[in-house]
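Heads up: the sequence shown at position 73 corresponds to 73 in the working numbering, and the numbers run straight through without jumps.
The C-beta atom is built at its ideal place from N, Cα and C for all residues, glycine as well.
No experiment lies behind these values; they were computed from the predicted model shown.
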Amino acid sequence: MDVNEQITKVTWKIEVLSDVHSKSMDVNGQVTKVTWRIENFSTIQDKKLCSENFTVDGNKWRFIIYPKGDAVDHLSIYLGVADSSTLPAGWIRYAHFGLAVIDQFDRELSITEVTTHVFNVNADNWGFPSFLPLTELRNPERGYLVNDACLVEAYVFTDRSIGFISHELIVKTDSDKLKTKESDCVKAAMDNQRTTSTKAVEITNPSPTPPYCQIMPTEEDMNTFFTSLESKLWSFNTIFSREGAKEALAKVEKALNMTPVNFYDSGKLSPLKHAFKILASFDCSSTTLTMEQKKELLAMEESLKELADRAAKALQDKNFLTEKESIKLTITHKLDRNVIRYKEVESEVKQVEKKLAALHVQVEEAQKERENMLAERKEIFKSSKEMKMELEALEKQWAEYEAMAKVAEEEESIVLAEWGRIKDFISSIKGKI
């Protein structure tokens, strides 16, 4: 029980939304929706709340919420990799996700944010520190806190090739058309008693998943099936026409005209894989490719994927230094302001002390003013000392950050050179197709 002796009710629910339509890709898919309802929200004293872990495509995730803001006057919400500390070195995890605070009076007025992020060891949490102003959250005319209950939702999709999630999808998910197996895939933990430990809310383990939820094919099952099917289809030695080979070559050239990072973000590796196989299998008596050229074509598929991954990692490492520079600049500006204010207060204190010596009648009032200013000076000293320590710690690692950025720039140059080589090679065989 917390300091206000309030009992926190938590309702935890996971749904699979099917028939979610992507207008840009003209395909349907599935999105995992997670709902976290937190009651007695305004009485929460903990700085940070972490949700129960939930699984999407075999990977563990969790909510992270700062009820009073993550160093800002806003509600802060993030999506995090729940098992990042146990993952192998160099791990990467992609997610297209949306977060929402639901307006319980009018769902269409809910606050939503949608983003895409590649999570890794340096960025295992991602989201929105300034999601919703606290004044707006507590506004009784809005429906974000109803009976002191806050309703937060996350929508997670991990397929790189398609972006389903939008504000429209989030506010329309209550329609029966999108719900599947909702009532039987619910995790609920009600009336759990909060303690003053670091874990804000204890949620009881969910009951076993109903049988018909378990018979859904796993991601591994589907990948194994289609990999086997693809191998069988290629074993038929299909003969492709010259038009088909030209179309495949055009797809490869279009991909190579992208930068490696843009290719990584586009998610177009699967259709490109098919195009490379067509080129390697194409056979015309007057323009037959050599065996070495066919082998290199098939190897390029994996090479492009590796180069794109390396380029994305290099860009992320460069951006990491930029983030640290921003933090350093912010701290430096705050310290500059504190130094100026410290000197101002120091001067003000001396003036007040002179008044105390000359004006005995106003001693009591002047003494109170002096005490207040001395307290302010002490607070400035305390905060400046803490920020100075933080700045010194940052500077100790600065060489490491710069080295990382330098390695990233070299890696980017290598990738671009190799990318250009492949592009030149494709151009050289274009006349043979």
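Helix or strand or just coil, what does DSSP make of T158? coil
Same chain, Cβ closer than 7 Å to R310, neighbours up to 5 away in sequence not counted: E411, V415
Where the beta strand (DSSP E) containing I77 begins and where it ends: I77 -> beta strand (DSSP E) spans 74 to 81.
Report, in whole angstroms, the separation of the C-beta atoms of N125 and Y66, which I expect to be a contact under 8 Å. The pair is not a contact, with the Cβ atoms about 11 Å apart (cut-off 8 Å).
Are the stretch 98 to 107 and the stretch 140 to 153 touching, with three or more C-beta to C-beta distances below 8 Å? yes
Straight-line Cα distance separating K60 from S85: 12 Å
What is the DSSP secondary structure of V363, reduced to helix, strand or coil? helix
When DSSP labels each residue in this structure, what does F236 get in the three-state scheme? Note that F236 has pLDDT 48, beneath the 50 cutoff, so the model's placement of it is unreliable and the number below is only indicative. Residue state, collapsed to three classes: coil.
Distance, K396 Cα to D46 Cα: 31 Å
Check whether L329 and A405 have beta carbons under 7 Å apart: no
Using three-state DSSP, classify F54 as helix, strand or coil. strand
Contact set for A245: own chain, Cβ-Cβ below 7 Å, skip 5 residues either direction: I278, L279, F282, I433
Please classify K33 as buried or exposed, where buried requires at least 16 other C-beta atoms within 10 Å of its C-beta. buried
What's the C-alpha gap between E168 and E390? 42 Å
Between E52 and V81, what straight-line distance do the alpha-carbon atoms span, to the nearest angstrom? 12 Å
Closest to L249 by CA distance: which of F425, V56, I38 is it? F425
Measure the alpha-carbon distance for K13 versus T35 and round it to whole angstroms. 5 Å
Pull up the CB-CB distance for A149 and E39, whole angstroms please, since I reckon it's below 8 Å. Confirmed, Cβ separation roughly 4 Å.
Compute the distance between the beta-carbons of V31 and R107, then report whether it is under 7 Å. No, they are not a contact pair.
Separation of T55 from R62, as counted between CA atoms: Put simply, the backbone Cα of R62 is about 9 Å away from that of T55.
Under 7 Å, do L307 and E418 count as touching if we go by C-beta distance? yes
If we ignore side chains and look at the alpha-carbon of each, how far apart do R377 and E113 end up? 41 Å
Tell me which residues share the same chain as P260 and place their Cβ nearer than 6 Å to its Cβ, disregarding the 5 neighbours each side in the sequence. The residues L307, A308, A311, V415, W419, in chain order, have a CB closer than 6 Å to that of P260 in the same chain once the five nearest residues on each side in sequence are set aside.
Count the other CB atoms, across all protein chains shown, that sit within 10 Å of the CB of R194; report buried if there are 16 or more and exposed otherwise. Reliability fails at R194, whose pLDDT of 34 lies under 50, so the model's placement of it is uncertain and the value that follows must be treated cautiously. Its Cβ being crowded by 16 or more others within 10 Å, R194 is buried.
Can you list, in chain order, the residues of its chain with a C-beta nearer than 7 Å to that of M387? Leave out the 5 residues immediately preceding and following it. Answer for M387: I331, K334, L335, listed in chain order.
Based on the DSSP output, what are the partners of N120 in its beta bridges? I92, A123
Minimum C-alpha distance to N338 - residue among E323, S383, N319: S383
Return helix, strand or coil for L391, following the three-state DSSP convention. In the three-state reduction of the DSSP assignment, L391 falls in the helix class.
Leaving out five residues before and five after D70 in sequence, what residues of the same chain have Cβ atoms less than 7 Å from its Cβ? Correct list, in chain order: S76, P129.
Alpha carbon to alpha carbon, how far is I64 from L137? Give it in angstroms, no decimals. 17 Å
Need the endpoints of the beta strand (DSSP E) that K60 sits in, please. 59 to 66
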